[in-house]
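Chain order of the listed sequences is W and E. Quick note on our numbering: the first sequence kicks off at 10 and runs consecutively. Quick note on our numbering: the second sequence kicks off at 851 and runs consecutively. Please read the structure below before turning to the comments.
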Amino acid sequence: MLYREALNRAIDEAMRDDQSVVILGEDVGRYGGSYRVSESLYAKYGSKRVIDTPIAELSIVGNAIGMAIGGLRPVAEIMTVNFSLLAMDQIINHAAKLRYMSGGKLAVPLTVRMPGGVSRQLAAQHSESYETLYASIPGLIVFAASNPNYAYHALKKAIFLNDPVIFLEHELLYNEKGDVDFENEIDPFKASIIKEGKDITIISYLKMVKESAEAIRVIEESLDVDCELIDLNSLRPVDMPTVSKSVKKTKRVVLIEEDHKTGGYAAELSARIAEELFYELDAPILRIGGEDVPVPYNRKLELASIPTSEKIAKKIISWGKENGL
Amino acid sequence: MDYEIKMPVLSDTMESGKLIKWHVKEGQSVKKGDVIADVESDKAIMEVQTFKSGVVKKLFSKEGENIDIGKTIAVIETETENIKNYEKPIEKKRVKTVEKNSSDKKIKLRGIASAAAKKTARDLDLDIENLQKENKLPKPAHLEDIKQVVLKRYFTPKALKLFKGYLLKTENFTLDHKINSTEVKEYISKFSVPAVKKLSSNRKGILKTLQESIKKPVYHIYETLDLSRFLDSNFKLTSILIKITADSMQNHPQTRALLKEDGFYIYPNSSVSVAVSRGEELYMVVIKNANLLSLEEIDNWVREIKQKDYMPEDLNGSTFGISNLGMYNIKAFDAIINKNDSGIAAFGSLNEGKISVVFSFDHRILNGKEAALFVKEMKRRCKNG
C-alpha cells in the first residue's frame, strides 16, 4: 500500500466510523487533495464533511479550531508546512493553549496534516521543515510519519485524540510502498526500532529514516559494527525511554534530520541525551542535518544541502574512526 | 521553641533588604501581629510582623545593614520559660560531607576520555590522567581502552589470550587479584564456554563456493595413474600434476569452458586452480595459461606460491582444478569443484609409483564420455609423456 493510500484509508475509516470527523483545506474536495490523500472522499461524504477552502491558512486552522470546540473532529490539511507559517497564530496561540486557558473546559480535538521537507526542486520557499517549531510548543502533539503503517495507524489515532495533533508528512514519501498491518494497532507515541544493533544508535524520523537504513549496510561493513536504527515517530512527546535504552546499550548516538542543523530537532534531542545520559556516552553525539542555507533550486545544490545515504555513511564512518571504533 | 523571623521577599526582583529600624529590643515581649522592624526593598519600605507571640530572644542585625532574603533577622522564644543562655543559632551552612575517598575519586576523573570511559574508570578506581601520562591509555580514551587496561591489570598475558578466543567478559570474574590462565580455563570448562573463531573474508568466500556447489550436478570418475617414470624427478609432484592436467586440457575443450547463461565460453589456454593450504586457510590459487609454461616454470610457480600475497586475480580465471592431499598419506578422496570450474582432480598419496585420483565433474559442462576421454588422456600422458 502506498503512503498516501494509507493516509486516505485512515481518514476514510475515521469518517465512516464517526460522523463528527470532517476534513477541510485547499483542494481537498473536488480535486482530491494536492497529493491525492483525500481522493474519492468528496464523492463519498459530500461537501458538508469534505470542505474546499480558500487559500487562507489562518482561516483554515481557525475554522477548524471552532469546529473542534463545537464538537467536531476536524482534519485540516495545509498544503505544505511552509504555508503553515500563516496559520501559526491559530495553531500556537489558540489550538495549543485553549484547553489550558479555559481551565480544561475546552478541548480541541484537531488534527492538522501538513507535508514538509525537501522534495524535488520546489525551491527555498517550499522546502522547509518546521517540526522544531511545533515540537517546542506545549499543548501540541507532533507525529511524523515515515512509512505507510505508521501513517495509517497514527493518523487514525490522531483524529480521535482530544488534543491538537500536528501530523507531519513528507512530500517524497507519498508514493512510498510498504505493508500496513491492519490487525495490530500501534501506540503512535512510541518510537520504533527499525533494526536492532549493539554498537551505534542512529535516530531519525520522516524521510531520513529511509536514507539512514540505506547507509547502514555500508557503515556496518566499513566499521565492522552493528547499528541500531530508531524511528522516533512522535516528536512531541519524544519517546525517551526507547532512546535511553538504546543509548545505554550502544554508548554511541547519531541523530539524523533533514532540517537545517542549527536549532534543528536533533539539537534539542542531543541536549536531552547529553543531560540525561552523559555518563553513558562513549563518543561525542553526532548530528547530521541539512546545511544552514535556504534550500537551493538547482538539483545538484539541493541534494548537496541535505543528508543523503552516501553522506550519512561517510560522516558516520569518519566519526566512528575518530572515536574509537 | 524558637521562632525565626527571616528577611521577607517583598518584590520579584529583591535580593536583599535594608533593615531601617527595629521596633523591639532583645528581651521584650511581643504579641502575634506586632511590628518588629521596618525593612526597605528595592522598591518600598515595609513593616515586618511577628506571626507568633513570645519574647524577643535575639536580634541579628543592626539598623542600616543589608541582609539577604531568607536570612534570619530575629528569633522569638515562644515558650517563655527558656529564655536564658541564648546563643546564636547554629547556622545551617551547607557543609558538604566530603569524605577523603570521594575527593580522591574526583581527581581521578581528570584525563581525556569519553564520559562513559570516565564513569567506568571511576567505578574501577582507575586514574585516567596518570595512565595517559604513562602512555597506557590513548587520548582520548574510550570504554574499550579502559576495558583493556582492566584486563591487563587483573589478568596475566596468558589469561588474556584466552579472553580473545572465548568472548569472555570481565564481569564473569571477581576483580580483586591477578587472574591467571588456569583460573580462566577452569571457568571455561565449568561453564562450557565455546571458543569463537571469526570468519575470515577468504573463509566467507569459500562458504559461498560450497553453498553454490550443492546445486551442481556432480559425478565422479575413479582412476589410478602411473607416475613411476617421475619417481627420480626433482620436480615437485604438484608441478608434474599441473603440467599433465594443463596439457591434457588442451585436447578437451569442455575442460576449458566456462558456463554462462547464454552458452559455454571456451578459453584457448589451460588455467588451473590449485588447492593451497596456508595456516588455517585454504586458497584455490590459479596458474594461468599453464599449457604455455615449461615444467621448470610451473615448478618455480609452485615453490613461490606459498609465500605470495594473493590478489583477487590470483584466485580467479580457472576452468579446472586440482587438489593434492597425497602428502598427508591420504589414499583417495573426492574434492569440491572450485567456483565455476568444470571439474577437479583429487590426488591421493603416491604408492609404488601409482597414484589414485578421484575426478569430480560438473555434468552441465562435461558429460560422462567427454570426461572419460579426458581422464584417459591424462592416464596416457602420465605413463608415456
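Built from N, CA and C at the ideal position, the CB exists for glycine as well. Remember, predicted model here, so these are calculated numbers, not experimental data.
In the structure shown, what three-state DSSP assignment does residue i receive?
| i | result |
| --- | --- |
| Thr863 (chain E) | coil |
| Lys186 (chain W) | strand |
| Ala222 (chain W) | helix |
| Val948 (chain E) | Because the pLDDT at Val948 (chain E) is just 42, under 50, the model does not fix this residue reliably, and the value given afterwards should be weighed accordingly. Correct three-state label for Val948 (chain E): coil. |
| Tyr306 (chain W) | coil |
| Thr1074 (chain E) | strand |
| Pro197 (chain W) | coil |
| Ile1180 (chain E) | coil |
| Lys902 (chain E) | coil |
| Arg122 (chain W) | strand |
| His162 (chain W) | helix |
| Ala104 (chain W) | helix |
| Leu987 (chain E) | coil |
| Leu181 (chain W) | coil |
| Ala19 (chain W) | helix |
| Tyr1117 (chain E) | coil |
| Phe1023 (chain E) | coil |
| Thr928 (chain E) | coil |
| Tyr378 (chain W) | Outside the modelled stretch of chain W, which goes from 10 to 334, sits residue 378 (chain W), for which no answer is possible. |
Can you list the residues of chain W that residue i reaches, using a CB-CB cut of under 7 Å?
| i | result |
| --- | --- |
| Lys969 (chain E) | Tyr288 |
Closer than 8 Å by beta-carbon distance: list the chain E residues that pair up with residue i, in chain order.
| i | result |
| --- | --- |
| Ala280 (chain W) | None at all; the shortest Cβ gap to chain E is about 15 Å. |
Apart from the five residues on each side of it in sequence, which residues of its chain come closer than 8 Å, Cβ to Cβ, to residue i?
| i | result |
| --- | --- |
| His1070 (chain E) | Asp1184, Val1208, Phe1209, Ser1210, Phe1211 |
| Ile886 (chain E) | Ile855, Trp872, His873, Val874, Val880, Val898, Gln899, Thr900, Val906, Ala924 |
| Tyr54 (chain W) | Met24 |
| Ile315 (chain W) | Val127, Glu267, Gly299, Glu300, Val304 |
| Ile895 (chain E) | Ile870, Asp888, Val889 |
Let me check understanding here. Comparing Cα to Cα, which of the options lies closest to residue i?
| i | options | result |
| --- | --- | --- |
| Ile1172 (chain E) | E:Asn1217, E:Asp977, E:Ser1120, E:Ile870 | E:Ser1120 |
| Thr1088 (chain E) | E:Phe1114, E:Ala1125, E:Lys1054, E:Tyr1115 | E:Ala1125 |
| Leu909 (chain E) | E:Asp918, E:Ala894, E:His873 | E:His873 |
| Ala963 (chain E) | E:Asp975, E:Glu979, E:Leu974 | E:Glu979 |
| Asn1030 (chain E) | E:Lys1011, E:Leu1077, E:Glu1130 | E:Lys1011 |
| Gly877 (chain E) | E:Glu927, E:Asp884, E:Met857 | E:Glu927 |
| Lys912 (chain E) | E:Asp892, E:Asp888, E:Ser1144 | E:Asp888 |
| Ala19 (chain W) | W:Phe191, W:Pro305, W:Met76, W:Leu295 | W:Phe191 |
| Asn1179 (chain E) | E:Leu1165, E:Ile1205, E:Lys1189 | E:Ile1205 |
| Ile78 (chain W) | W:Gly329, W:Lys114, W:Ile87 | W:Lys114 |
| Asp291 (chain W) | E:Gly883, E:Val859, E:Ile1148, E:Lys968 | E:Lys968 |
| Met249 (chain W) | W:Ala85, W:Glu223, W:Leu278 | W:Leu278 |
| Ile1215 (chain E) | E:Tyr853, E:Glu1021, E:Thr1105 | E:Thr1105 |
| Lys902 (chain E) | E:Lys882, E:Lys1028, E:Val1034 | E:Lys882 |
| Arg261 (chain W) | W:Gly71, W:Asn332, W:Ala224 | W:Asn332 |
Note down, in chain order, each residue of its chain lying with its Cβ closer than 7 Å to the Cβ of residue i, except the 5 sequence neighbours on either side.
| i | result |
| --- | --- |
| Ile957 (chain E) | Residue placement at Ile957 (chain E) is flagged as unreliable, the pLDDT there being 44, under the threshold of 50; the coordinate-derived value follows with that caveat. So no residue of the chain qualifies. |
| Asn1101 (chain E) | Glu1227 |
| Glu48 (chain W) | Asn17, Gly41, Gly42 |
| Lys1181 (chain E) | Gly1198, Ser1199, Ser1206 |
| Lys1066 (chain E) | Ile1187, Asp1212 |
What in chain E is Cβ-close to residue i, meaning under 7 Å?
| i | result |
| --- | --- |
| Lys260 (chain W) | Ala966, Leu993 |
| Leu291 (chain W) | In the sequence as displayed, the identity of residue 291 (chain W) is Asp instead of Leu. The answer, in chain order, is Ser964, Ala966, Ala967, His992, Leu993. |
| Gly55 (chain W) | Ordered by position in chain E, no residue passes the 7 Å Cβ test against Gly55 (chain W), which lies about 56 Å from the chain. |
Considering only residues of the same chain and omitting the five flanking positions on each side of residue i, which have a CB-CB separation below 6 Å?
| i | result |
| --- | --- |
| Ala1096 (chain E) | Ser1120, Val1122, Ala1140, Asn1141 |
| Asn916 (chain E) | Ser866, Lys868 |
| Glu1130 (chain E) | none |
| Ala1196 (chain E) | Ser1173, Phe1183, Asp1184, Ala1185, Val1208 |
| Arg3 (chain W) | Any question about residue 3 (chain W) goes unanswered here, given that chain W covers just 10 to 334. |
| Lys893 (chain E) | Ser861 |
| Gly961 (chain E) | Ile978, Glu979, Gln982 |
I want to verify the contact list: residues of chain E whose CB lies under 9 Å from the CB of residue i, in sequence order.
| i | result |
| --- | --- |
| Asn332 (chain W) | Ser964, Pro990, His992 |
Is the number of C-beta pairs between the segment 27-39 of chain W and the segment 204-212 of chain W that are closer than 8 Å three or more? They do not touch, by the three-pair rule.
Between the segment 173-189 of chain W and the segment 120-140 of chain W, do at least 3 Cβ pairs fall closer than 8 Å? Output reads yes: the segment 120-140 of chain W touches the segment 173-189 of chain W.
Do the segment 93-108 of chain W and the segment 45-61 of chain W make contact, defined as three or more Cβ pairs closer than 8 Å? By the C-beta criterion, the segment 93-108 of chain W is judged not to be in contact with the segment 45-61 of chain W, since fewer than 3 inter-stretch pairs fall below 8 Å.
May I ask you to verify whether the segment 269-278 of chain W touches the segment 161-170 of chain W, counting CB pairs closer than 8 Å and requiring at least 3? They do not touch, by the three-pair rule.
Count Cβ pairs between the segment 236-247 of chain W and the segment 132-152 of chain W that sit closer than 8 Å; are there 3 or more? Three or more beta-carbon pairs separated by less than 8 Å link the segment 236-247 of chain W to the segment 132-152 of chain W, which places the two stretches in contact.
Below 8 Å, how does it come out for the segment 1134-1154 of chain E and the segment 1075-1091 of chain E: are there three or more Cβ pairs, yes or no? With the cut-off at 8 Å, the segment 1134-1154 of chain E and the segment 1075-1091 of chain E touch.
Are the segment 1071-1085 of chain E and the segment 1045-1052 of chain E in contact at 8 Å, needing three or more beta carbon pairs? The answer is no - the segment 1045-1052 of chain E does not touch the segment 1071-1085 of chain E, with fewer than three Cβ pairs under 8 Å.
Examine the Cβ distances between the segment 148-166 of chain W and the segment 184-198 of chain W and report whether three or more of them are shorter than 8 Å. The segment 148-166 of chain W vs the segment 184-198 of chain W: in contact.
On the three-pair Cβ rule with 8 Å, is the segment 146-166 of chain W touching the segment 211-218 of chain W? Contact between the segment 146-166 of chain W and the segment 211-218 of chain W is present, because at least three Cβ pairs lie under 8 Å.
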